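In order, the protein sequence lines correspond to chains A and B. Heads up: the first sequence is residues 5 to 312, going by the numbering used here. Heads up: the second sequence is residues 12 to 316, going by the numbering used here.
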Amino acid sequence: MGKIGKSAKDVLRNKVLLFMVLPGTLWFLFFSYLPMVGTVIAFKEYRFSRDGFWASIINSKWVGWDNFKFLFSTNDAYLITRNTLLYNIAFIGLGLILSVLMAVVLSEIANKKLAKFYQTGMFLPYFLSWVVVGYFAFSFLSSERGLLNAMFGSNISWYSESKYWPFIIIFVFLWKAVGYNSVVYLAAIMGIDKSLYEAAMIDGASKLQQIRSITLPMLKPIIIIMTLLAIGKIFYADFGLFYQVPRDSGTLYSVTNVIDTYVYRGLKTTGEIGMSTAAGLYQSVVGFVLVLTSNYIVRKFDKDSALF
Amino acid sequence: MSANAAKSRDFHRLSPVLNTIFNCIAGGFAILCIFPFLFVVLISFTDEGALARDGYRLIPAKWSLEAYKYVFSSGDTLLRSYGVTIAVTVIGTIVSLLIISLYAYAISRKSFKYRNFFAFFSFFTMLFNGGLVPTYIVVTQMLGLKDSIWALVLPLAVNAFYIMILRTFYITSVPDALIESAKIDGAGEFRTFLKIVLPLSLPGLATIGLFSTLGYWNDWFNALLYIDNPNLVPLQSMLMRIETSMQFILQNSQNSSLSLEALRNMPQDTSRMAMVVLATGPIIFAYPFFQRYFIQGLTVGAVKE
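Structure, rendered in structure tokens:
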């Protein structure tokens, strides 16, 4: 009685706060935890049942690792893993260089009003959906009407030539992300102690020298942390970028298919539910390990910046 | 003397050359970021005939308002989609703020006995997820939300990251002593939250609310997954569907006059670009006024308890 009585009293004493977490808890149960349970269908041959979610899962036949074996026996598994990783590496590297460059440049421009104006401009793409960005890209890349072909007098059908797409994808990503990412670095630069620069000025250091020996070293911790956190997400791709911008063009799949688009097509187009779930689980598990690892390393650098 | 003054100014300012270079870099990139939107605006004001002849041009051979006239006269689809998007955005932002602000408040209270459990319960979802397919099955089969407006609202309602940002905000901007003194004065947990915590956290709530509004306004993915009913298609998804059906008709147009007829009734290039302009316009005009909240959210998120 004692123990149960005490727990009951605890619950009662916290009942208002418990009531406050209730809606959120229900949401997490339905939209996060039940899907985690649902990943068992990666080990099943999925059969849709009209009696609902549990019936569908329970009535599906166990097939062990078959879905995974099948997935990894295809060329697709290699292709989507390669594309996801390589694109993310390019995004992280080039994104970092350009974001830091923009932050430094913005912080040094003499006319602060103008700098603010530039920043507002760079921030614009962040507010646009990938559908709209897809339309933007089309106005440049359309083979009959696009601006690029007109400018260069070329006749390239952009949406069926895969060799251009690694560059297009990377360019569009940078276009959308750099303004947004530079915000974090700009805030960090604003936080640097001004007396450091004054001391450097007295010693006669030029502006470029100041940037090299004060700004960049002071940014190093945040650069390392942002990079490690990005590496933690390296197994995830932005679905919209790889689906909307190439307009789901089949001839480009070899360079635009990433894990996220593969899973989607498995679900909605080809209907390979089991294999698609297996690919999703593969992504989640590897992603989980990567987040834990990168967070562990972040903690070594700076405990406060780690996720946990 | 004057040389000396010039030199000391040099310490504080960039040299004119460097300043020019920096302005070119930042200004150039800013223009690059804005340009595609302006280009699409230009296309939407181009005469359809001129467009068919020359393609998309920076300076159209002939200007025209036809695209907008067409969109507004046959504007059923656009208007309905606008309605869906506004409804989803308003309902979604309210639901989302309600759930997140309550949850974040509870786990920010040191006196909450289960705060660690619930903090972890939320946080773990940032590390691991079930993936698209199981989520799809839960939403369609268990919750039965296919072709329901809630399929556009609920999946985006909660986000563990927002909960973390808001909890940090509560902890840093509402002193514990204030809450304790309200309690001593006899205010219950709910009253304290409503009368003391919420008013002090308005900037934090505004940040989360705006992230949420933007997320709903720009969402097309949930519509792609869950919505087939043409009456429930939000703006972004509508833009996408016009494009897809257009391609479909074009691919099949050789063998039937029927589809040619259908093609004639589809919005033309300029009209579609006009729709893009009308769908993004509100954001483009609003974001410069709100961007400081987004910047705040981005930088606060990095600071933790």
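Using N, Cα and C, we set each Cβ at its ideal position, and we do this for glycine too. Computed from a predicted structure; not experimentally measured.
Task: Beta-carbon proximity list for Asn87 (chain A), same chain, < 7 Å, skipping 5 on both sides - done: Sequence index remark: in the first sequence, residue 87 (chain A) carries index 83 (1-based). So the list reads Val259, Asn261 and Val262, once near-sequence residues are dropped.
- [ ] For Glu148 (chain A), name the three-state secondary structure that DSSP assigns.
- [x] Position 144 of the first sequence, counted from the first residue, corresponds to residue 148 (chain A). Here Glu148 (chain A) sits in coil by DSSP.
- [ ] Identify whether Phe22 (chain B) lies in helix, strand or coil by the three-state DSSP scheme.
- [x] For the purposes of this step, residue 22 (chain B) is identified with residue 11 of the second sequence, where counting begins at 1. Because the pLDDT at Phe22 (chain B) is just 47, under 50, the model does not fix this residue reliably, and the value given afterwards should be weighed accordingly. The answer is helix: DSSP assigns Phe22 (chain B) an H, G or I state.
Open item on the list: Between the alpha carbons of Ser92 (chain B) and Val244 (chain B), how many angstroms are there, rounded?
Closed with: Within the second sequence, numbered from 1, the residue matching residue 92 (chain B) stands at position 81. Within the second sequence, numbered from 1, the residue matching residue 244 (chain B) stands at position 233. About 6 Å.
Open item on the list: Distance check for Leu89 (chain B) and Asn242 (chain B), CA to CA, integer angstroms please.
Closed with: Looking up residue 242 (chain B) in the second sequence gives position 231. Looking up residue 89 (chain B) in the second sequence gives position 78. Near 11 Å, if we compare the C-alpha coordinates of Leu89 (chain B) and Asn242 (chain B).
- [ ] Could you check which residue in B:Ala78, B:Lys121 and B:Gln152 has the C-alpha nearest to that of Ala59 (chain A)?
- [x] Here residue 59 (chain A) refers to the residue found at position 55 when the first sequence is read from its first residue. Per the C-alpha coordinates, the member of B:Ala78, B:Lys121 and B:Gln152 positioned closest to Ala59 (chain A) is B:Gln152.
Task: DSSP bridge partner residues for Trp66 (chain A) (one or two, in chain order) - done: Here residue 66 (chain A) corresponds to residue number 62 of the first sequence, with the count starting at 1. Answer is A:Lys48, bridged to Trp66 (chain A).
Open item on the list: So Glu200 (chain B) contacts chain A; which residues on that side make the cut at Cβ distance below 7 Å?
Closed with: Counting from one through the second sequence, the residue named residue 200 (chain B) turns up at place 189. Correct list: Val20 and Leu21.
Open item on the list: So, at 7 Å on beta carbons, what are the nonlocal neighbours of Met189 (chain B) in its own chain, with the 5 sequence-adjacent residues on each side left out?
Closed with: Mapped onto the second sequence, residue 189 (chain B) falls at position 178. Rather than Met, the amino acid found at residue 189 (chain B) in this sequence is Leu. If we look at Leu189 (chain B) and ignore the five residues flanking it on each side, its Cβ neighbours are Ile207.
Open item on the list: Please identify the residue among B:Thr146, B:Thr310 and B:Asn170 whose C-alpha is closest to the C-alpha of Val188 (chain A).
Closed with: By one-based count along the first sequence, residue 188 (chain A) stands at place 184. Answer by Cα proximity: B:Thr310.
- [ ] Return helix, strand or coil for Trp74 (chain B), following the three-state DSSP convention.
- [x] Residue mapping note: residue 74 (chain B) aligns to position 63 of the second sequence, counting from 1. Of the three classes helix, strand and coil, the one that applies to Trp74 (chain B) here is strand, per DSSP.
Task: 8 Å Cβ cutoff, Lys304 (chain A) in contact with chain B - done: Here residue 304 (chain A) refers to the residue found at position 300 when the first sequence is read from its first residue. Contacts with chain B at 8 Å (Cβ-Cβ) do not include Lys304 (chain A).
- [ ] Select from B:Gly39, B:Leu156 and B:Ile45 the residue whose C-alpha is nearest the C-alpha of Lys180 (chain A).
- [x] For the purposes of this step, residue 180 (chain A) is taken as residue 176 along the first sequence, with counting starting at 1. Looking from the CA of Lys180 (chain A), the closest CA among B:Gly39, B:Leu156 and B:Ile45 belongs to B:Ile45.
Open item on the list: Nearest by alpha-carbon distance to Phe40 (chain B): which of A:Pro129, A:Phe34 and A:Lys48 is it?
Closed with: Locating residue 40 (chain B) in the second sequence gives position 29, counting from the first residue. The shortest Cα separation from Phe40 (chain B) among A:Pro129, A:Phe34 and A:Lys48 belongs to A:Pro129.
TODO: Spell out whether any CB of chain A is found under 8 Å from the CB atom of Thr281 (chain B).
DONE: Translated into positions along the second sequence, residue 281 (chain B) becomes position 270. For Thr281 (chain B), the answer is no, since every Cβ of chain A falls outside 8 Å of its Cβ.
- [ ] Determine the direct distance from the alpha carbon of Ile96 (chain A) to that of Thr231 (chain A), and round the result to whole angstroms.
- [x] Here the question's residue 231 (chain A) lines up with position 227 in the first sequence. Here the question's residue 96 (chain A) lines up with position 92 in the first sequence. Rounded to the nearest angstrom, the two C-alpha atoms are 7 Å apart.
Open item on the list: Just verifying my parser: in three-state terms, what is the DSSP assignment at Thr57 (chain B)?
Closed with: For the purposes of this step, residue 57 (chain B) is taken as the residue at position 46 of the second sequence. Strand at Thr57 (chain B).
- [ ] Please report the Cβ distance between Phe32 (chain A) and Ser133 (chain B), rounded to the nearest whole angstrom; I am assuming they are in contact, meaning their Cβ atoms lie under 8 Å.
- [x] Here residue 32 (chain A) corresponds to residue number 28 of the first sequence, with the count starting at 1. Here residue 133 (chain B) corresponds to residue number 122 of the second sequence, with the count starting at 1. 6 Å between Cβ atoms; contact.
TODO: Within 10 angstroms of the Cβ of Glu191 (chain B), are there 16 or more other Cβ atoms? Answer buried if so, exposed if not.
DONE: Looking up residue 191 (chain B) in the second sequence gives position 180. Answer is exposed; the Cβ neighbour count stays below 16.
Task: Gly99 (chain A), enclosing alpha helix (DSSP H) - first and last residue - done: As a working mapping, residue 99 (chain A) is identified with position 95 in the first sequence. Its alpha helix (DSSP H) spans residues Asn79 to Glu112.
Task: Proximity to Asn299 (chain A) [Cα-Cα], best of A:Thr255, A:Gly138, A:Val176 and A:Ala310 - done: Locating residue 299 (chain A) in the first sequence gives position 295, where the first residue counts as 1. That would be A:Ala310, whose Cα lies nearest to the Cα of Asn299 (chain A).
Task: Through-space distance from Ile229 (chain A) to Leu200 (chain A), alpha-carbon basis - done: Numbered from its first residue, the first sequence carries residue 200 (chain A) at position 196. Numbered from its first residue, the first sequence carries residue 229 (chain A) at position 225. Each residue's alpha carbon lies about 23 Å from the other.
Task: Neighbour list for Phe131 (chain A) in chain B, Cβ cutoff strictly below 7 Å - done: In the first sequence, residue 131 (chain A) corresponds to position 127, counting from 1. Leu225, Ile294 and Tyr298, listed in chain order.
TODO: Give a yes or no on whether the minimum CB-CB distance between Ile7 (chain A) and chain B is below 8 Å.
DONE: Numbered from 1 along the first sequence, position 3 holds the residue referred to as residue 7 (chain A). Here the sequence assigns Lys to residue 7 (chain A), which means Ile is not the residue at that position. Output row for Lys7 (chain A): interface = no.
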